[in-house]
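Enquirer: Sharing a structure, written as C-alpha cells. Questions coming.
2 protein chains.
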Amino acid sequence: MKTLYPLSSFNKTELEGFEKCFCPVVRSYSRGEVIMRLDEENNYVGVIASGTAHLVTTTFDGTKTIIDYFEPGNIFGRRFSPCTQIDPYLVTAKTKCTVWLVEYERVITCCEKRCEKHIRLIDLMILTMARRAQLHVEVLGKRSIRGKLMSYFSHISRSRESRTFVLPLSLSDLADYISVDRSAMMREIKNLNNEKIIVSHANKVTILKDVNV
Amino acid sequence: MKTLYPLSSFNKTELEGFEKCFCPVVRSYSRGEVIMRLDEENNYVGVIASGTAHLVTTTFDGTKTIIDYFEPGNIFGRRFSPCTQIDPYLVTAKTKCTVWLVEYERVITCCEKRCEKHIRLIDLMILTMARRAQLHVEVLGKRSIRGKLMSYFSHISRSRESRTFVLPLSLSDLADYISVDRSAMMREIKNLNNEKIIVSHANKVTILKDVNV
DNA sequence: AAAAGTCTGTTGCATTTGCAACAAAAACGT
DNA sequence: ACGTTTTTGTTGCAAATGCAACAGACTTTT
Chain A
1270 MKTLYPLSSF NKTELEGFEK CFCPVVRSYS RGEVIMRLDE ENNYVGVIAS GTAHLVTTTF
1330 DGTKTIIDYF EPGNIFGRRF SPCTQIDPYL VTAKTKCTVW LVEYERVITC CEKRCEKHIR
1390 LIDLMILTMA RRAQLHVEVL GKRSIRGKLM SYFSHISRSR ESRTFVLPLS LSDLADYISV
1450 DRSAMMREIK NLNNEKIIVS HANKVTILKD VNV
Chain B
1270 MKTLYPLSSF NKTELEGFEK CFCPVVRSYS RGEVIMRLDE ENNYVGVIAS GTAHLVTTTF
1330 DGTKTIIDYF EPGNIFGRRF SPCTQIDPYL VTAKTKCTVW LVEYERVITC CEKRCEKHIR
1390 LIDLMILTMA RRAQLHVEVL GKRSIRGKLM SYFSHISRSR ESRTFVLPLS LSDLADYISV
1450 DRSAMMREIK NLNNEKIIVS HANKVTILKD VNV
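Taken in order, these protein sequences are the chains called A and B.
Using the working numbering, count along the first sequence one by one with no gaps and you end on 1482.
Using the working numbering, count along the second sequence one by one with no gaps and you end on 1482.
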C-alpha cells in the first residue's frame, strides 16, 4: 500500500495534477468579495490557486472571528470546513485571488480507476482540516492572551522552521483569529518584547526564549 | 450519484455494517486507561462501540484541556483528530468502554468494489471532524465565559432538539472543554440562573431565554 | 460500612482582560 | 500625488476572570 503524504496543502506539482484531474471551474475575486458562503446548499470544494482568503463569521454585535485563513494550495468547503447553522460563515478574498471549484461529491467518491490523486485529495482534506482545527483549538484553548500568542507563534515558527518569521495575518486579523481584544493583545505583545521573550515589529516576529505555554 | 448522509456519528445499523465490513480489532478498557496515544506512529482509526472516552491534553503546568469527547458511534484517530507535536494527546476511557480499531489506510483507500460503506465512512470521518472542530472553535471563540457556555448549551439543545438536556460532560470536564477556570464557570452558571436565562441543577440544563451569544 | 476519590458549589481578592478613545504610520485606490 | 482606509500602537478605567481555599454531596472501591 502506498504511503500517504504528510503535507497539509498541495504543492505546485500537485496543484497542476489537481487541475488536470478535476478540470475545476476557475474564478477570480477582488479584495473583500465573498468567494463562498458555507451553508447547507453549498456542495463545492474550493482550492486557492493564488492570493489569500479568510473564513470569517460575524456575530450579531459585530464581533468578527477569523475561523481560518487560506493561502495558495489550501482547500476549503462546507463539508469539511467548520460552519454553523446560526451565523453565516463566509470565505472572503483578503487579497485579489484566484480559486478553483469542484463539486464535493466528485472529490469524495472514488473515481472508476481509483485514481491516486483522489485518494491523495481525500487524505489531504482530512489532514488539512485536522491540522487547522488542531492549531486553532490549541491556540484558543490557552487561558491567557500570552499563552494564545506564544502557542500561535511557536506553531508558525515550527512550520517555517525558523525563529524569525512574518505572520500570515496582520495583527488586527490575528486578534480576531485568537479571539481577543486587539488593544489587549497589543499590550501583551509589548510585554513580551519588554521581557525579551520575543522581538517584534508589526507582524515580523522573532522568538528569543522558549516559553512553556 | 448517491446522496451522502448528514450525520456525524454511526447509528446502530451502520455500526453493525462497519463491523462486518472492516472486521476491526475489538478492545476493552476500564476507566482511566489510555486507549490511544495520538502521535506520528499511530495509524489506527478507533470507533467507540460502548462507553465514553475523552481526548485530553495536559500542559507542563498541569492544565488539562478536553479536546474532544466520544460516545458510541464516534470515531477518532491521529490522522483526523486534532493532535500536536508538543504535548501528548491521549484518548482515555472516561468510563469502562469497548473500542474497535482499524488501520487508517484500509479505511481511507477505497476498496476494490468501491464499497458504499467505505465512501460513507470517509465522508463520516470528514463530517465528524468538521462538526466537532466547528463546535469547539465556535465555543472557544466566544470572548466571555457566558458566551462560551450559552454557545455550547444552545448547540447541545439543537442537537437534542429540546430546551432541556443533560450535558454529555460533567461540569468539571465542561470547564476543561471550554478552557476556563471551573469556579469562574460555576459563578457564571449561577448568574445565568439568577437572571433566569437558564435553569440548571448540576449538569441538567434548561434554556429559558434565547440569548445572542 | 468505611474510606477514598470525584463532583458540585461558594467566596474574597489580585490580576488580567476588554472597552473606549485617540493618534500616527502605512497601504491602497484613483 | 492626494485623500481614504487600514493597520499599528497607546492609555485609563471598569469589568470579568483566574486563583486559592474550603465544604458538603455523591460515587466508587476496598
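Think of the CB as a built atom: it goes at the ideal place given N, C-alpha and C, for glycine as much as any other residue.
No experiment lies behind these values; they were computed from the predicted model shown.
According to DSSP, is K1363/B helix, strand or coil?
Expert: The residue labelled residue 1363/B in the question sits at position 94 within the second sequence. K1363/B falls in the coil class under three-state DSSP.
Enquirer: Residues in the same chain with beta-carbon distance under 6 angstroms from D1442/B, minus the five sequence neighbours each way, listed in chain order, please.
Expert: Along the second sequence, read from residue 1 onward, the residue named residue 1442/B stands at position 173. I1335, listed in sequence order.
Enquirer: Out of E1372/A, E1430/A, A1318/A, state which residue places its alpha-carbon closest to the alpha-carbon of A1362/A.
Expert: The sequence position of residue 1362/A within the first sequence is 93, counting from 1. Minimum Cα distance to A1362/A is reached at A1318/A.
Enquirer: Using 8 angstroms as the limit for Cβ to Cβ distance, is L1378/A near chain B?
Expert: Your numbering for residue 1378/A matches position 109 in the first sequence. Before going on, a small fix: residue 1378/A reads as Thr here, not Leu. It does; some Cβ of chain B falls within 8 angstroms.
Enquirer: Within the 8 angstroms Cβ cut-off, does D1308/B reach chain A?
Expert: Residue 1308/B sits at position 39 when you count from the first residue of the second sequence. D1308/B does not count as touching chain A.
Enquirer: For the pair the stretch 1359-1377 of chain B and the stretch 1302-1309 of chain B, tell me if three or more CB-CB distances fall below 8 angstroms.
Expert: Yes, they touch.
Enquirer: Residues of chain B with CB closer than 7 angstroms to the CB of G1410/A, please, in chain order.
Expert: Translated into positions along the first sequence, residue 1410/A becomes position 141. Per Cβ cutoff of 7 angstroms: T1334, L1409, S1448.
Enquirer: Is DSSP giving V1468/A helix, strand or coil here?
Expert: Position 199 of the first sequence, counting from 1, holds the residue named residue 1468/A. Of the three classes helix, strand and coil, the one that applies to V1468/A here is strand, per DSSP.
Enquirer: Hey, does I1391/A have any beta-carbon neighbour from chain B nearer than 8 angstroms?
Expert: Stepping through the first sequence from its first residue, residue 1391/A is reached at position 122. True, the Cβ-Cβ gap to chain B drops below 8 angstroms.
Enquirer: List the residues of chain B that M1398/A touches, going by C-beta distances under 8 angstroms, in chain order.
Expert: Stepping through the first sequence from its first residue, residue 1398/A is reached at position 129. Per Cβ cutoff of 8 angstroms: F1349, I1395, M1398, A1399, A1402.
Enquirer: Kindly indicate the opening and closing residues of the beta strand (DSSP E) around R1306/A.
Expert: Your numbering for residue 1306/A matches position 37 in the first sequence. Run containing R1306/A: 1303-1306, per the beta strand (DSSP E) assignment.
Enquirer: Quick one: is L1418/A buried, meaning 16 or more other Cβ sit within 10 Å of its Cβ, or exposed?
Expert: Walking along the first sequence from the start, residue 1418/A turns up at place 149. Buried is the call here.
Enquirer: Applying the criterion that 16 or more other CB atoms from any shown protein chain within 10 Å of the CB defines a buried residue, is E1407/B buried or exposed?
Expert: By 1-based counting over the second sequence, the position of residue 1407/B is 138. Buried is the call here.
Enquirer: Is I1388/A close to chain B, meaning its C-beta is less than 8 angstroms from at least one C-beta of that chain?
Expert: Numbered from 1 along the first sequence, position 119 holds the residue referred to as residue 1388/A. By this cut-off, I1388/A is an interface position.
Enquirer: Keeping to the same chain, check which residues put their C-beta closer than 8 angstroms to that of E1302/B; ignore five residues upstream and five downstream.
Expert: The count along the second sequence starts at 1 and reaches residue 1302/B at position 33. Within the same chain, E1302/B has close Cβ partners T1361, A1362.
Enquirer: Give the range of the alpha helix (DSSP H) segment to which K1417/B is assigned.
Expert: Your numbering for residue 1417/B matches position 148 in the second sequence. First-last of the alpha helix (DSSP H) with K1417/B: 1414-1429.
Enquirer: Going by other Cβ atoms of all chains shown within 10 Å of its Cβ, with 16 needed for buried, is A1471/B buried or exposed?
Expert: By one-based count along the second sequence, residue 1471/B stands at place 202. With fewer than 16 Cβ atoms within 10 Å of its Cβ, A1471/B is classed as exposed.
Enquirer: Spatial neighbours of F1291/A within its chain, please: C-beta separation below 6 angstroms, excluding the five flanking residues on both sides.
Expert: Numbered from its first residue, the first sequence carries residue 1291/A at position 22. So the qualifying residues of the chain are V1371.
Enquirer: Please report whether the beta-carbon of L1406/A lies at a distance below 8 angstroms from any beta-carbon of chain B.
Expert: Here residue 1406/A is taken as the residue at index 137 of the first sequence, counted from 1. Before going further, note that residue 1406/A is Val rather than Leu in the sequence given. Yes, contact with chain B.
Enquirer: Under three-state DSSP, which class holds L1370/B?
Expert: Locating residue 1370/B in the second sequence gives position 101, counting from the first residue. Strand.
Enquirer: Hey, would you say V1295/B sits closer than 8 angstroms to T1364/B, going by beta carbons?
Expert: Residue 1295/B sits at position 26 when you count from the first residue of the second sequence. Residue 1364/B sits at position 95 when you count from the first residue of the second sequence. Taking 8 angstroms as the Cβ cut-off, V1295/B and T1364/B do not qualify as a contacting pair.
Enquirer: Suppose contacts are defined by Cβ-Cβ distances below 8 angstroms. Is I1377/B in contact with D1392/A by that definition?
Expert: The residue you call residue 1377/B lines up with position 108 of the second sequence. The residue you call residue 1392/A lines up with position 123 of the first sequence. Cβ distance < 8 angstroms, so I1377/B and D1392/A count as in contact.
Enquirer: DSSP three-state label for L1443/B, please.
Expert: Here the question's residue 1443/B lines up with position 174 in the second sequence. L1443/B falls in the helix class under three-state DSSP.
Enquirer: Taking the alpha helix (DSSP H) that G1286/A falls in, what are its first and last residues?
Expert: To locate residue 1286/A, count along the first sequence from 1; it is residue 17. Here the alpha helix (DSSP H) through G1286/A covers 1281-1291.
Enquirer: Just to check my reading of the structure: Y1338/B and L1438/B have Cβ atoms closer than 8 angstroms, yes? What is that Cβ distance to the nearest angstrom?
Expert: As a first step, residue 1338/B is located in the second sequence; it is residue number 69 there, counting from the start. As a first step, residue 1438/B is located in the second sequence; it is residue number 169 there, counting from the start. Rounded, the Cβ-Cβ distance is 6 angstroms, consistent with contact.
Enquirer: When the Cα atoms are used, what is the spatial distance from L1461/A to L1409/A?
Expert: As a first step, residue 1461/A is located in the first sequence; it is residue number 192 there, counting from the start. As a first step, residue 1409/A is located in the first sequence; it is residue number 140 there, counting from the start. Near 18 angstroms, if we compare the C-alpha coordinates of L1409/A and L1461/A.
Enquirer: Assuming I1447/B contacts Y1421/B under a Cβ cut-off of 8 angstroms, what Cβ separation, rounded to an integer in Å, is found between them?
Expert: The residue labelled residue 1447/B in the question sits at position 178 within the second sequence. The residue labelled residue 1421/B in the question sits at position 152 within the second sequence. Between Y1421/B and I1447/B the Cβ distance is about 6 angstroms, and since that is below 8 angstroms, they are a contact.
Enquirer: Between S1431/B and N1311/B, what straight-line distance do the alpha-carbon atoms span, to the nearest angstrom?
Expert: As a working note, residue 1431/B is residue 162 in the second sequence. As a working note, residue 1311/B is residue 42 in the second sequence. Cα to Cα, the separation comes out at about 38 angstroms.
Enquirer: Could you say which of H1323/A, R1415/A, K1411/A, K1289/A lies nearest to I1467/A if we only look at CA atoms?
Expert: The count along the first sequence starts at 1 and reaches residue 1467/A at position 198. Selected option, being the one with the closest Cα: R1415/A.
Enquirer: Are I1344/B and M1394/B touching if we call contact CB-CB under 8 angstroms?
Expert: By one-based count along the second sequence, residue 1344/B stands at place 75. By one-based count along the second sequence, residue 1394/B stands at place 125. Yes. Within cutoff.
Enquirer: Out of V1435/A, R1456/A, R1375/A, T1433/A, state which residue places its alpha-carbon closest to the alpha-carbon of S1413/A.
Expert: Within the first sequence, residue 1413/A is the residue found at index 144, counting from 1. Taking only the C-alpha atoms, the option nearest S1413/A is R1456/A.
Enquirer: What three-state label does DSSP hand K1473/A in the structure shown?
Expert: Against the first sequence, residue 1473/A aligns to sequence position 204. Residue state, collapsed to three classes: strand.
Enquirer: Does DSSP put L1396/B in a helix, a strand or coil?
Expert: The sequence position of residue 1396/B within the second sequence is 127, counting from 1. Three-state result, L1396/B: helix.
Enquirer: In chain order, what residues of the same chain have a beta carbon less than 8 angstroms from the beta carbon of T1326/A, not counting five sequence neighbours either side?
Expert: As a working mapping, residue 1326/A is identified with position 57 in the first sequence. Closer than 8 angstroms at the Cβ level, and outside the excluded window around T1326/A, lie K1333, T1334, I1336, T1353, D1356, P1357, Y1358, L1359.
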